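Here's the structure we're looking at; comments come further down.
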Amino acid sequence: MVALMEKQEIINTFDAMRVQFDENNDRKERLIKLSREVTTISKKIIFLLHRVLTDNSSQEEENKKKRSDGVRKADPLFADIRKLFTAMGQEMQGDQFWRYVRSISPGLQEYMEALSFAYYLEHHALISYQKAQDTIKREDGTICFPLPLSDYVLGVSDLTGELMRFVITSIGRRGEEGIDPLAVAVFVRNCKADLEALVPHVRDLQKKVDVTVQSLLKIESAAYGIAVRGAEYAQFHHGSSGLDFGGGEDREAEDRWH
Numbered sequence: 037m038v039a040l041m042e043k044q045e046i047i048n049t050f051d052a053m054r055v056q057f058d059e060n061n062d063r064k065e066r067l068i069k070l071s072r073e074v075t076t077i078s079k080k081i082i083f084l085l086h087r088v089l090t091d092n093s094s095q096e097e098e099n100k101k102k103r104s105d106g107v108r109k110a111d112p113l114f115a116d117i118r119k120l121f122t123a124m125g126q127e128m129q130g131d132q133f134w135r136y137v138r139s140i141s142p143g144l145q146e147y148m149e150a151l152s153f154a155y156y157l158e159h160h161a162l163i164s165y166q167k168a169q170d171t172i173k174r175e176d177g178t179i180c181f182p183l184p185l186s187d188y189v190l191g192v193s194d195l196t197g198e199l200m201r202f203v204i205t206s207i208g209r210r211g212e213e214g215i216d217p218l219a220v221a222v223f224v225r226n227c228k229a230d231l232e233a234l235v236p237h238v239r240d241l242q243k244k245v246d247v248t249v250q251s252l253l254k255i256e257s258a259a260y261g262i263a264v265r266g267a268e269y270a271q272f273h274h275g276s277s278g279l280d281f282g283g284g285e286d287r288e289a290e291d292r293w294h
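Residue numbers (the working numbering): 37 to 294.
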């Protein structure tokens, strides 16, 4: 009889463990699904910003307004992501967040890439950690969950690739007008320097820094090409006909590069 009771206790213990494991696995699957939805919407935001902000425009004031309006067009998508963050927060109460944070890490990094890209296009600066954390809130203003510093850093490191694509696409469609590749190069160079200092402390950051280096080289190459072409056009037009076809502005671009 005693042996039978002990056997039943063991069975009950394993049944309770089975229920707990099933709950944990189900919660993990739900969080992975939410993270994938965040990733998908974040990619849509990035694509939207590239598409809206690289079409033709001729006036500087119009460019500024277009950048602001373009970022505002992404607001509904950011609102959708905040709803997903609220759902994530409900799944990760208290200490459970640190147990399941790896399940949502890919979505957070993609979100940070989209958020920092939109912020840079509007403010020409890097969004701070605190401002990024403030976007992960419920409607009542409470934080859904803490933003891991590693996901913030890894997401920001991906920003440099988007800036490289933005510069190359903008130059291809509009030339130097509406984009200052030198300013972007300086910004990316500063990001690279800061990220390199964090490599020993953030897992997988070295790979992203390597990509940042390649992006920086492409931006610098594009900026140098504009400066050289501007100097060549200025020399040709001034030397052959004596007419001013805007070579002065191109000469300034060369001077900025040097």
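Backbone N, C-alpha and C define an ideal beta-carbon position, used for all residues, glycine too.
The model shown is predicted, which means the values in this text are computed figures rather than measured ones.
Where residue i falls: helix, strand or coil (DSSP)
i, result
"residue 172", "coil"
"residue 81", "helix"
"residue 117", "helix"
"residue 92", "Summary for residue 92: the model assigns pLDDT 48, below 50, so the residue's position carries little reliability, and this model does not support an answer."
"residue 279", "Because residue 279 carries a pLDDT of 34, less than 50, the predicted location of this residue cannot be relied on, and the following value inherits that uncertainty. Residue state, collapsed to three classes: coil."
"residue 179", "strand"
"residue 159", "helix"
"residue 63", "helix"
"residue 239", "coil"
"residue 106", "helix"
"residue 200", "helix"
"residue 374", "With the chain covering 37 to 294 only, the question about residue 374 has no answer from this structure."
"residue 71", "helix"
"residue 193", "helix"
"residue 216", "coil"
"residue 251", "helix"
"residue 164", "coil"
"residue 184", "coil"
Cutoff 7 Å; reference residue i; Cβ partners in own chain excluding five residues on either side
i, result
"residue 203", "215, 217, 220, 255 and 258"
"residue 334", "Absent from the model: residue 334. The displayed extent of the chain is 37 to 294, so no value can be given."
"residue 123", "70"
"residue 244", "190, 193 and 194"
"residue 148", "168, 187, 188, 191 and 192"
"residue 104", "158"
"residue 80", "113"
"residue 47", "none"
"residue 51", "none"
Neighbourhood of residue i by C-beta, 6 Å cutoff - its chain only, sequence neighbours within 5 removed
i, result
"residue 207", "258"
"residue 133", "181"
Within 8 Å, strictly: CB atoms of residue i and residue j
i, j, result
"residue 198", "residue 82", "yes"
"residue 125", "residue 181", "yes"
"residue 154", "residue 85", "yes"
"residue 179", "residue 166", "no"
"residue 151", "residue 70", "no"
"residue 78", "residue 127", "no"
"residue 68", "residue 139", "yes"
"residue 88", "residue 117", "no"
Cβ-based neighbour list, residue i, same chain, cut-off 8 Å, excluding 5 preceding and 5 following
i, result
"residue 227", "162, 192, 193, 195, 196 and 248"
"residue 189", "231, 234, 238 and 241"
"residue 136", "63, 64, 67, 127 and 128"
"residue 300", "Not covered by the structure: residue 300. The range shown for the chain is 37 to 294."
"residue 225", "252"
Residue i classed as buried or exposed, judged by whether at least 16 other C-beta atoms fall within 10 angstroms
i, result
"residue 130", "exposed"
"residue 44", "exposed"
"residue 49", "exposed"
"residue 57", "exposed"
"residue 187", "buried"
"residue 160", "exposed"
"residue 53", "exposed"
"residue 17", "For residue 17 there is no data in the structure shown, the boundaries of the chain being 37 and 294."
"residue 106", "buried"
Practice item. Assess, as a yes-or-no matter, whether the region 108 to 120 is touched by the region 182 to 190 under the definition of 3 or more beta carbon pairs within less than 8 Å. Key: no
Review point. Taking three-plus beta-carbon pairs below 8 Å as touching, is the region 166 to 181 in contact with the region 231 to 242?
Key: no
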